[in-house]
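Chemist:
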Amino acid sequence: MSELKDLENKTLYIIREAYAEFKRPAVLWSTGKDSTTMLWLCRKAFFGKIPFPVIHIDTGYKFKQMYEFRDRIAAEWGLDLVIARNEKAMKEGIGPKDGKFECCTKLKTQALMECLEKNGFDAFILAIRRDEHGIRAKERYFSPRDEDFRWNYKDQPLEMWDQYQSITEDKTHTRVHPILHWRELDVWEYVKQEKMPVNAMYFAKGGKRYRSLGCEPCTSTIDSDAKTIDEIVEELKVTKIAERSGRAQDKEKAFTMQKLRALGYM
Amino acid sequence: MKVSVVIVGHVDHGKSTLIGRLLYDSDSITEGRVEEIQKLAEEYKKRFEFAYFLDSFDDELKEERTIDTTGVMFKGEKNLYSITDVPGHKEFIKNMLTGASHAEVAVLVVAADEGIQEQTGRHAFLINMLDIKKLFVMVNKMDAVDYREEIFLDIRNKVAKLLTSFGYHDVVFIPGSALEGDNIYKPCERMGWYHGPTLIEALDSVELPPKEVKPLRFVVQDTYLVDSDKVIVGRVESGVLKKGAEVIFQPSGVTGKVEKITEFQGELEKAEMGDSVGIIVNKEVKRGDVCGLVEVPPMSTEEFLGEAVLLEKDLRKGDILELRCGTRRVKCEIREIKEKINSETGEVVERNPAEISENEAATILFATEPLVVEKFSEIPELGRFILVRGRNIGAGVVLEVSR
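Chains as they are written, first to last, in my numbering: chain S, 930 to 1195; chain X, 10 to 412.
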């Protein structure tokens, strides 16, 4: 299928550009379908062995099946897994009860920030896609962030002809988005084509399935009878339900996602 | 077929509204999204707008204008469309170029009640520079001029004249209203005098030209050690790369034979335009090198004439900055600014100026460290470059190469 080949070609090019341009990149892995696809593509880019760390941001609230999937795949693929946790906030018992904005910022964004400081990373490779959310549709492939992690979305770099801005003034790290141009349907068709492993939570049980995976308290199922990858592909061709409809932090208030992302959320 | 379309035009001529309308009429809006936007509009004391499907920054909603480019996709009857919205304001030209640079088709939106405005000309100039060959003009907001044919004809004549000067001939003009949904997806009864296609019919009729077979150009990104093999990774920008081919890398000047073309868990007999692959040549090459067949080799150069548009700050004769083409970064000097071009009209406004400013274009003679560039008209993938001074400040295309 040549469309998937085109998507893959561009993504491999971007991953290799990031590896050539940055001293210490890392890839983020939530264990969901998109970032697992990203790891798969990184393995392809480097002929099997990912030459940089794989970061899993652990909020302590992830589903049990996500931790199991993570540990199984990490061992199978020989990943250099780094687990990022905001231990202080976790000890203080921060949770969704404190507000989703607060909880996401402390347990995800700040955990990542600490991980960057500790390890000296200068680039994070992330599996966000334009079609997931209006605010992600505004992203660049290479997106610079300042020392406070802020995304200056009002002044993004010129990015054309696969020339990505990697040198930046006063910026501490760059977000790299190699599958920005993929759709949800493309990801599943690719999972199918590549016979990739995915978390079983995506498949329907009792008329419900997870369409997007996050933290247990803030992630809900959708009505679905799609029990196989083929059935998911068919479902996505006709669905009118938004992909992240089961993700509470997107919907708390208008522009919550923009505010979260401006502060450095993924 | 996947078709990439950019919607361009002056600020407030209805670009985002047009895309919102396309999404709405093609039934691509997810459940609850209309209600969500209605609620949002009430909260901000605004009228419901189709543009809010695209403008997802709060500042965009408050200021009622698009700040940055957005990409959305929808499935038409025939094609899968990747539609790019770009800002129509002068201060956001870099965002416009970012969005337009990968489009195959452009739709220039001109509001019927305003006609040609500053960015109408500039955007037409830029899409021509980007070599987007297929162009449609949507004369929007026909509802605001009572659907009068003479207004449409008047704008058509003026815009056609402007486009002819940029080399666009026989362009299809569509009168319509994104707000009312006239001639976007549905034909409009109130314009019985118009017998042409709706916008979606026009887009569905697009035939993309087959890719021409050109000389092989493979850009080198890196070299990895895989088991005991040195694998050169990169992308085929043009032509075909075959196993066994005798190749040369420039500007390194290294020659060798392609022993293997590899990808993860596999080997290939050949790689084509766009393919990201690894090759084994058993020679040392550098990131930034361009590989071609020995018979039709890429040439290294240290001087070329380009046409560039500057997006920020000033550029003076004698300035030293960085230039990027393919994966190569070199130092370059602005040896001579030959002609300053008004990016609104394409006209030469000054010969041999000492400097150019933001949003101006110019033909420039660049002196560089050795690199491979090609004429944009011959191998576009290696005929375009970015100017960098701390950040990406300009973009251009190669007109002539000095050998």
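Cβ coordinates follow ideal geometry from the N, Cα and C atoms, glycine included.
How about residue 1078 of chain S and residue 1095 of chain S: do their beta carbons lie closer than 7 Å?
Modeler: Going by C-beta atoms, residue 1078 of chain S is not nearer than 7 Å to residue 1095 of chain S.
Chemist: So which residues of chain S does residue 200 of chain X contact, with C-beta pairs closer than 8 Å?
Modeler: Ordered by position in chain S, no residue passes the 8 Å Cβ test against residue 200 of chain X, which lies about 31 Å from the chain.
Chemist: Evaluate residue 1038 of chain S with the Cβ neighbour count: other Cβ atoms within 10 Å of its Cβ, from every protein chain shown; 16 or more gives buried, anything less gives exposed.
Modeler: So residue 1038 of chain S counts as buried.
Chemist: Taking Cβ-Cβ distances shorter than 8 Å, what residues in chain X pair up with residue 874 of chain S?
Modeler: Any question about residue 874 of chain S goes unanswered here, given that chain S covers just 930 to 1195.
Chemist: What is the residue span of the beta strand (DSSP E) that residue 265 of chain X lies within?
Modeler: Segment 263-266, the beta strand (DSSP E) holding residue 265 of chain X.
Chemist: For residue 166 of chain X, name the three-state secondary structure that DSSP assigns.
Modeler: Helix at residue 166 of chain X.
Chemist: Report yes if the CB atom of residue 270 of chain X is closer than 7 Å to the CB atom of residue 116 of chain X, and no otherwise.
Modeler: Cβ distance not < 7 Å, so residue 270 of chain X and residue 116 of chain X don't count as in contact.
Chemist: Around the Cβ of residue 1193 of chain S, are there at least 16 other Cβ atoms within 10 angstroms (buried) or fewer (exposed)?
Modeler: Buried: at least 16 other Cβ atoms inside 10 Å.
Chemist: CA-CA distance, residue 256 of chain X and residue 388 of chain X?
Modeler: Distance between the alpha carbons of residue 256 of chain X and residue 388 of chain X: 18 Å.
Chemist: For chain S, check one thing: does any of its Cβ atoms lie closer than 7 Å to the Cβ of residue 106 of chain X?
Modeler: So yes, residue 106 of chain X belongs to the interface.
Chemist: Taking only beta-carbon positions, decide if residue 930 of chain S is within less than 7 Å of chain X.
Modeler: With a pLDDT of 48 at residue 930 of chain S, under the threshold of 50, the modelled position of that residue is not reliable, and the figure given next carries that caveat. No, its Cβ sits nowhere closer than 7 Å to a Cβ of chain X.
Chemist: Hey, how far is the Cα of residue 24 of chain X from the Cα of residue 184 of chain X?
Modeler: Those two C-alpha atoms are separated by around 14 Å.
Chemist: Going by other Cβ atoms of all chains shown within 10 Å of its Cβ, with 16 needed for buried, is residue 1186 of chain S buried or exposed?
Modeler: Buried, because 16 or more other Cβ atoms sit within 10 Å of the Cβ of residue 1186 of chain S.
Chemist: Helix, strand or coil: which one does DSSP assign to residue 985 of chain S?
Modeler: Note: residue 985 of chain S maps to strand in three-state DSSP.
Chemist: From the DSSP output, in three-state form, read off residue 137 of chain X for me.
Modeler: Residue 137 of chain X falls in the helix class under three-state DSSP.
Chemist: Would you call the CB atoms of residue 401 of chain X and residue 1114 of chain S closer than 7 Å?
Modeler: Cβ atoms of residue 401 of chain X and residue 1114 of chain S: not closer than 7 Å.
Chemist: Determine the DSSP secondary structure at residue 1143 of chain S, reduced to helix, strand or coil.
Modeler: Coil, per DSSP.
Chemist: Which term fits residue 1190 of chain S, buried or exposed, when burial requires 16 or more other beta carbons within 10 angstroms of its beta carbon?
Modeler: Label assigned to residue 1190 of chain S: buried.
Chemist: Please list, in chain order, the residues of the segment 262-296 of chain X that have any C-beta partner in chain B closer than 9 Å.
Modeler: Although the question refers to chain B, the structure presented lacks it and instead comprises the protein chains S and X.
Chemist: Label residue 303 of chain X either buried or exposed according to how many other C-beta atoms from any shown protein chain fall within 10 Å of its C-beta, with 16 as the threshold for buried.
Modeler: Label assigned to residue 303 of chain X: exposed.
Chemist: Excluding the 5 residues preceding and the 5 following residue 368 of chain X in the sequence, name in chain order all residues of the same chain whose CB lies nearer than 8 Å to its CB.
Modeler: Cβ neighbours of residue 368 of chain X beyond the five flanking positions: 99, 102, 131, 318, 319, 320, 352.
Chemist: Using a 10 Å radius around the Cβ and a threshold of 16 neighbouring Cβ atoms, would you call residue 195 of chain X buried or exposed?
Modeler: By the neighbour-count rule (16 or more Cβ atoms within 10 Å), residue 195 of chain X is not buried but exposed.
Chemist: Going by C-alpha to C-alpha distance, which of X/148, X/305, X/229, X/47 sits closest to residue 287 of chain X?
Modeler: Of the listed residues, the one whose Cα sits closest to residue 287 of chain X is X/229.
Chemist: Using the beta-carbon count (16 or more within 10 Å), is residue 939 of chain S buried or exposed?
Modeler: Buried, because 16 or more other Cβ atoms sit within 10 Å of the Cβ of residue 939 of chain S.
Chemist: Buried or exposed: residue 1091 of chain S, going by 16 or more other Cβ atoms within 10 Å of its Cβ?
Modeler: Flag for residue 1091 of chain S reads buried.
Chemist: Can you tell me where the alpha helix (DSSP H) with residue 33 of chain X in it begins and where it stops?
Modeler: 24-34 is the span of the alpha helix (DSSP H), which, as asked, contains residue 33 of chain X.
Chemist: My guess is that residue 93 of chain X and residue 109 of chain X are in contact by the Cβ rule of under 8 Å, so how many angstroms apart are they, rounded?
Modeler: Going by Cβ atoms, the distance from residue 93 of chain X to residue 109 of chain X rounds to 7 Å, so yes, they are a contact pair.
Chemist: Jot down the residue ranges of each uninterrupted beta strand (DSSP E) in the segment 985-1067 of chain S, minimum 3 residues, whole runs only, in chain order.
Modeler: The segment 985-1067 of chain S contains these whole beta strand (DSSP E) runs: 1010-1013, 1052-1054.
Chemist: Which value, in whole angstroms, describes the spacing of the CA atoms of residue 348 of chain X and residue 359 of chain X?
Modeler: Spanning the two alpha carbons is a distance of roughly 6 Å.
Chemist: From residue 1168 of chain S to residue 965 of chain S, what distance separates their C-alpha atoms?
Modeler: Cα to Cα, residue 1168 of chain S sits roughly 23 Å from residue 965 of chain S.
Chemist: Could you check whether residue 312 of chain X and residue 376 of chain X sit closer than 7 Å to each other, using their CB atoms as the reference points?
Modeler: It is a contact, given that the beta carbons lie within the stated cut-off.
Chemist: Within 10 angstroms of the Cβ of residue 10 of chain X, are there 16 or more other Cβ atoms? Answer buried if so, exposed if not.
Modeler: Answer is exposed; the Cβ neighbour count stays below 16.
Chemist: Taking a Cβ distance cut-off of 7 Å, strictly less, list which residues of the segment 1167-1179 of chain S are near chain X, in chain order.
Modeler: Residues passing the 7 Å Cβ filter: 1169, 1170, 1171.
Chemist: Counting only Cβ-Cβ distances shorter than 7 Å, please list the residues of the segment 80-100 of chain X near chain S, keeping chain order.
Modeler: Answer in chain order: 80, 81, 82.
Chemist: Taking the CB atoms as reference points, tell me whether residue 190 of chain X and residue 30 of chain X lie closer together than 7 Å.
Modeler: Their beta carbons are under 7 Å apart, which means residue 190 of chain X touches residue 30 of chain X by this criterion.
Chemist: Considering only the beta carbon of each residue, do residue 314 of chain X and residue 408 of chain X sit closer than 7 Å?
Modeler: Going by C-beta atoms, residue 314 of chain X is nearer than 7 Å to residue 408 of chain X.
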